[in-house]
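For reference, the structure discussed in these notes is given below.
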Amino acid sequence: MKIDMLASRKPWLIRNATSLVTLASVAAYILFIQWFWGWGDILARWQEAGWQTLAVAMLLLLSTYVLRTWRIHDYFPRETAGHFRRLLRLVQVHNLLNVMMPFRSGEVSFPLLMRKEFAVSLPRATSALLVMRLLDLHALLAAAGFGLALEKGHALAWLLWLAFAAAPALGFGLRRPLFRLLHGAVPSRLEKLLSEVEAGLPVDGLAFFRAWGVTLVNWSVKVAVLAWVLVLLGDLNLGPAFGGALGGELSSVLPVHAPGGVGTYPAGITAGALGFGADHAEGALAVLGKAAVNAHLLIIVSSVVGTLLSMLVARGAAGER
1133 MKIDMLASRK
1143 PWLIRNATSL
1153 VTLASVAAYI
1163 LFIQWFWGWG
1173 DILARWQEAG
1183 WQTLAVAMLL
1193 LLSTYVLRTW
1203 RIHDYFPRET
1213 AGHFRRLLRL
1223 VQVHNLLNVM
1233 MPFRSGEVSF
1243 PLLMRKEFAV
1253 SLPRATSALL
1263 VMRLLDLHAL
1273 LAAAGFGLAL
1283 EKGHALAWLL
1293 WLAFAAAPAL
1303 GFGLRRPLFR
1313 LLHGAVPSRL
1323 EKLLSEVEAG
1333 LPVDGLAFFR
1343 AWGVTLVNWS
1353 VKVAVLAWVL
1363 VLLGDLNLGP
1373 AFGGALGGEL
1383 SSVLPVHAPG
1393 GVGTYPAGIT
1403 AGALGFGADH
1413 AEGALAVLGK
1423 AAVNAHLLII
1433 VSSVVGTLLS
1443 MLVARGAAGE
1453 R
């Protein structure tokens, strides 16, 4: 009898191991914050900034989710036509899994959900996701570079930023000779991956500029909101604030992302802000640490709220199937 009970428990533990690790990490994070600073001290920073600030920041972050949904809708117009609300729910679930699951494992959900909801093949959805993630990474760096150029203020900084910002357009214009060159240069085991990347590119120049433009706007808004929050809560100048926003988002994009971003996201904010010239004094670091935790909480709460709202919106789309 005991053996049967153990056998029945083991599959459940295996199936839910990642969720359990995530919950344990979040619980440990909550206890650590209470022990190190105290939740009253953390949330008091929002009270000082004004709850209207929190509401505006939340609304702006929620708007970025709509932009992401439109980008995917434009990428798969035939499959998602007339199903924007269902697609919004899919994007929100995928985003929440990305936030909460470790090591970017939540990315796997996108092609699976696209196949289930819209009958998009796994290779096509995966290759499109890869291309969109490359555009995301570029836009994230470009948004942070804009803040740095704004801080520096001289012509060379703006010229370097413009050159970097225009790189995807140049790459797309040269995509055919570039892919011919790469197909002859990469090892045979990478040929399939390269072909999938090529297949995941937008179908033409107009589609590319739509995807690229929406990506730039999306990440510019998100980085600007995070930088604004860090300026208000961390007493930072604009350059370090953009550096902190970049560091936090890069920590979530890279494979070292912890469950729920616990530890890694605030650490990324702190490292980015210090790298961009934030004050290294002990008192300033304490304020920055609290601001980093608050910015991380804002990301988590906006993801959860966005998912719940998308589910409510998608209820009326049940008959669209």
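Numbered by our numbering, the letters in the sequence shown go through residues 1133 to 1453 in order.
From the three backbone atoms N, C-alpha and C, an ideal C-beta is built for every residue, glycine too.
Source: prediction; values computed, not measured.
Could you spell out the range, first to last residue, of the alpha helix (DSSP H) harbouring residue i?
i, result
"Leu1362", "Gly1337 to Gly1366"
"Glu1239", "Segment: none, Glu1239 is in no alpha helix (DSSP H) and carries neither H nor E."
"Asn1227", "Phe1216 to Met1232"
"Val1433", "Glu1414 to Arg1447"
"Phe1296", "Ala1287 to Ala1297"
"Phe1374", "Leu1370 to Val1385"
"Leu1306", "Leu1306 -> no alpha helix (DSSP H), and no H or E assigned at all."
"Ala1331", "Glu1323 to Ala1331"
"Phe1208", "No alpha helix (DSSP H) holds Phe1208; DSSP gives it neither H nor E."
"Ala1275", "Leu1254 to Lys1284"
"Ala1403", "Thr1396 to Gly1407"
Could you pull out every residue in the same chain whose Cβ sits closer than 6 Å to the Cβ of residue i, ignoring the five residues on either side in sequence?
i, result
"Thr1196", "Asn1350, Val1353 and Lys1354"
"Ser1140", "In this prediction, Ser1140 scores a pLDDT of 48, lower than 50, which makes its location untrustworthy; the coordinate-derived value is nonetheless stated afterwards. Within the same chain, Ser1140 has no close Cβ partners at all."
"Pro1383", "The amino acid occupying residue 1383 in the given sequence is Ser; Pro does not appear at that position. These residues qualify, in order along the chain: Thr1396, Tyr1397 and Gly1400."
"Lys1284", "none"
"Val1223", "Arg1200 and Thr1201"
"Gly1238", "Leu1229 and Asn1230"
"Asp1367", "Val1419"
"Pro1334", "Phe1340 and Ala1343"
So, under 8 Å CB-CB, residue i and residue j are touching, yes? Tell me the CB distance rounded to an integer number of Å.
i, j, result
"Gly1400", "Gly1375", "That pair is no contact at about 10 Å."
"Leu1441", "Ala1189", "Going by Cβ atoms, the distance from Leu1441 to Ala1189 rounds to 16 Å, so no, they are not a contact pair."
"Leu1194", "Gly1345", "In fact, because the Cβ distance is near 20 Å, the residues do not count as touching under 8 Å."
"Ala1289", "Ala1281", "4 Å"
"Gly1303", "Leu1310", "7 Å"
"Phe1208", "Phe1250", "7 Å"
Give me, in chain order, the residues of the same chain whose beta-carbon lies closer than 8 Å to that of residue i; leave out the 5 immediate sequence neighbours on both sides.
i, result
"Ala1446", "Arg1217, Arg1218, Leu1220 and Arg1221"
"Arg1256", "Ala1331 and Gly1332"
"Pro1398", "Gly1380, Gly1421, Ala1424, Val1425, Ala1427 and His1428"
"Val1433", "Met1190"
"Leu1138", "Below a pLDDT of 50, predicted positions are generally treated as unreliable, and Leu1138, at 44, falls in that range; the measurement from the model is reported next regardless. Closer than 8 Å at the Cβ level, and outside the excluded window around Leu1138, lies no residue."
"Val1436", "Leu1228"
"Val1198", "Leu1220"
"His1412", "Leu1406"
Report yes if the C-beta distance between residue i and residue j is below 8 Å; otherwise report no.
i, j, result
"Arg1247", "Ala1343", "no"
"Leu1370", "Ala1359", "yes"
"Val1363", "Ala1356", "no"
"Leu1314", "Leu1326", "yes"
"Leu1365", "Arg1177", "yes"
"Val1385", "Leu1269", "yes"
Got a sec? Which residues, its chain only, sit under 7 Å from residue i by beta carbon, not counting five neighbours each side?
i, result
"Ser1348", "At residue 1348 the sequence reads Leu, which differs from the Ser that was named. Result list for Leu1348: Ala1271 and Ala1274, in chain order."
"Leu1267", "Pro1300, Ala1343, Trp1344 and Thr1347"
"Met1443", "Arg1221"
"Ala1181", "Leu1364 and Leu1365"
"Met1133", "With a pLDDT of 43 at Met1133, under the threshold of 50, the predicted position of this residue should be treated as unreliable, though the coordinate-derived value follows. If we look at Met1133 and ignore the five residues flanking it on each side, it has no Cβ neighbours."
Is there contact between the stretch 1232 to 1244 and the stretch 1258 to 1272, where contact requires at least three CB pairs shorter than 8 Å?
yes
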